[in-house]
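Scroll down for the structure; my scribbles are underneath it.
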Amino acid sequence: MTIHRHFLARLLCASLAAGALAAPACAQDPWPNRPVKIVVPYAPGGSADTLGRLIARHLAETFKQSFVVDNRGGAGGVIGSQMVARAEPDGYTLVVSGIGSHVVAPLTNATSFDPIKDFTHIALLGGPPTVLAVNVAQPIKDVPGFIKQVKSMPQGLSWASPGQGTHGALIGEAFRQITKLNLVHISYKGAGPAVADVAANQVPAAFITLSTAAGNIKAGKLRPLAVTSAQRVADFPDIPTFKELGYPQLTGTTWFSLSGPAGMAPELVTKLNLAVRKALQSSEGQAELRAQNMETFDWDAPTFNDFVKKEIVHWKQYIEPPPTR
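Sequence positions in the sequence shown follow mature numbering (1 follows the signal peptide of the UniProt record, and there is no 0) and run -27 to -1, 1 to 298.
Structure follows, in structure tokens:
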């Protein structure tokens, strides 16, 4: 029935236009006039999932339409992101993008997609810092102790990340390069499963988002050693930053964002950008994000796009080996 109505409406519009009698009813249906899908390219339970569901709820309230979260984890965010890159740029298929899926993953897998040409970047959502944490059963109390422990282990020490291409994997690899430690990476399909295994002492350590690890830290199952934030986190004042420990290169946020397929209409991008920023800066949004130890940024779309390009340049040095001289 809906298809027939749309078909008849187009016929009517064509007839009116032919007679120079076009009416407002012939204008395109305003967006959104049907449910919008927000793809989260990671497993449920991580920071991307948390932000995706938060912004979906706020956008649904703003636009009086359903915004449905669809978790499509795998390959460090590549699988779900590729699906969105191939979608129509009509605003009905969006993706929770971020440093892992749209900075790191394309640099490690050039055939995945072009993070600039294949997407329309809409708004920066924010995100938490990454924390280096170990199971409390491990005889490791701080970063110097972590380094000493790894050096005493000929087989090296295993560490978990939310997956290849995520910020946790990037920070862990950068830490390995800087310290030259024998660290063995175990890649998961999301932050939730990685934290669960470290909390169960199946893996001794992890580079993971603080928001995902916070519950197990407070429960005494994980011992945090350092965070990547520029300053200590208010809710965890005892966790030192990597910067104050002598690793300023490891400063950064596990940022996430909202993007869509390339070619989205500029007016729709502006409309979504303003709605996202309003939601994130609201008292309710700020309270939710503070509870997740997440930082937000009130940026327009051009500012955010410039930021993405700068992040690609900054982190490339830790992903591709330096040229041989």
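Every residue gets a Cβ at the ideal spot worked out from N, C-alpha and C, and that includes glycine.
With Ser232 and His94 assumed to form a contact (beta carbons below 8 Å), what rounded beta-carbon distance in angstroms separates them?
5 Å
Starting from Trp132, trace the beta strand (DSSP E) both ways and give me its first and last residue.
130 to 134
Count the other CB atoms, across all protein chains shown, that sit within 10 Å of the CB of Ser125; report buried if there are 16 or more and exposed otherwise.
exposed
Residue range of the beta strand (DSSP E) that includes His287:
Here His287 belongs to no beta strand (DSSP E); instead the alpha helix (DSSP H) covers 274 to 289.
Any idea what DSSP makes of Thr81, helix, strand or coil?
In the three-state reduction of the DSSP assignment, Thr81 falls in the helix class.
When you compare the region 94 to 111 with the region 232 to 250, are there three or more beta-carbon pairs, one atom per stretch, that lie closer than 8 Å?
yes
Residue interval of the alpha helix (DSSP H) (run including Phe229)
Phe229 -> not in any alpha helix (DSSP H); beta strand (DSSP E) instead, spanning 229 to 234.
Mind checking Gly(-9): buried by the 16 CB within 10 Å criterion, or exposed?
Because Gly(-9) carries a pLDDT of 45, less than 50, the predicted location of this residue cannot be relied on, and the following value inherits that uncertainty. With fewer than 16 Cβ atoms within 10 Å of its Cβ, Gly(-9) is classed as exposed.
For Asn278, which option in Val69, Ile89, Ser39 has the closest C-alpha, if you only look at C-alpha atoms?
Answer by Cα proximity: Ile89.
When the Cα of Ser20 is compared with those of Leu183, Ile151, Asn6, Asp87, which residue comes out closest?
Leu183
So Gly163 and Ala16 are supposed to be a Cβ contact under 8 Å. How far apart are they, rounded?
Confirmed, Cβ separation roughly 3 Å.
Identify every residue that forms a DSSP beta bridge with Ala173.
The partner list for Ala173 (beta bridge, DSSP) is empty, contrary to what the question assumes.
Could you tell me whether the region 214 to 231 touches the region 39 to 48, where touching means 3 or more Cβ pairs closer than 8 Å?
no
Write down the C-beta distance between Pro5 and Phe36 rounded to the nearest angstrom, noting that I regard them as a contact closer than 8 Å.
Going by Cβ atoms, the distance from Pro5 to Phe36 rounds to 6 Å, so yes, they are a contact pair.
For Trp149, three-class secondary structure by DSSP:
The residue you asked about is not Trp; residue 149 is Arg in the sequence shown. Helix at Arg149.
Sequence-distant residues of the same chain with beta carbon closer than 7 Å to Val42, five excluded per side:
Ile11, Val13, Gly25, Arg26, Ala29
Could you give the distance in angstroms between the alpha-carbon of Leu154 and the alpha-carbon of Gly118?
13 Å
So, helix, strand or coil for Thr201, using DSSP?
coil
In angstroms, rounded to a whole number, what distance separates the CA positions of Asp91 and Lys289?
C-alpha separation (whole angstroms): 19 Å.
Can you tell me whether DSSP reads Arg196 as helix, strand or coil?
strand
Through-space distance from Arg250 to Asp271, alpha-carbon basis
Their Cα atoms are separated by approximately 6 Å.
What did DSSP end up calling Thr224 once you bin it into helix, strand or coil?
Here DSSP, grouped into helix, strand and coil, assigns Thr224 to coil.
Could you check if His287 is buried or exposed, using at least 16 other CB atoms within 10 Å of its CB as the buried criterion?
exposed
Opposite Leu67 in the DSSP bridges: which residues?
Ile11
Tell me, to the nearest whole angstrom, how far the beta carbon of Tyr65 is from that of Val107; I am working on the premise that it is less than 8 Å.
That belief does not hold up - the Cβ atoms of Tyr65 and Val107 are roughly 43 Å apart, past 8 Å.
Short Cβ contact (8 Å threshold) for Ala179 with Ala133
yes
Residue burial classification, Gly129 (beta-carbon count within 10 angstroms, cutoff 16)
Under this definition Gly129 is an exposed residue.
Excluding sequence positions up to five away, which residues of its chain have a Cβ less than 6 Å from the Cβ of Pro213?
Ala199
Anyone know if the C-beta pair for Gly99 and Trp228 falls short of 8 Å?
The answer is yes: Cβ separation under 8 Å.
Answer yes or no: do Ile113 and Thr152 have a C-beta to C-beta separation smaller than 8 Å?
Contact check for Ile113 against Thr152 fails: the beta carbons are separated by 8 Å or more.
Rank Ala173, Arg196, Val77 by C-alpha distance to the C-alpha of Leu143 and give the top, closest one.
The residue among Ala173, Arg196, Val77 with its C-alpha nearest the C-alpha of Leu143 is Val77.
State the start and end residues of the unbroken alpha helix (DSSP H) segment that holds Ala60.
Per DSSP, Ala60 belongs to no alpha helix (DSSP H) and is neither H nor E.
On a Cα-Cα basis, can you pick out the residue from Pro102, Gly193, Ala33 that is closest to Gln111?
Gly193
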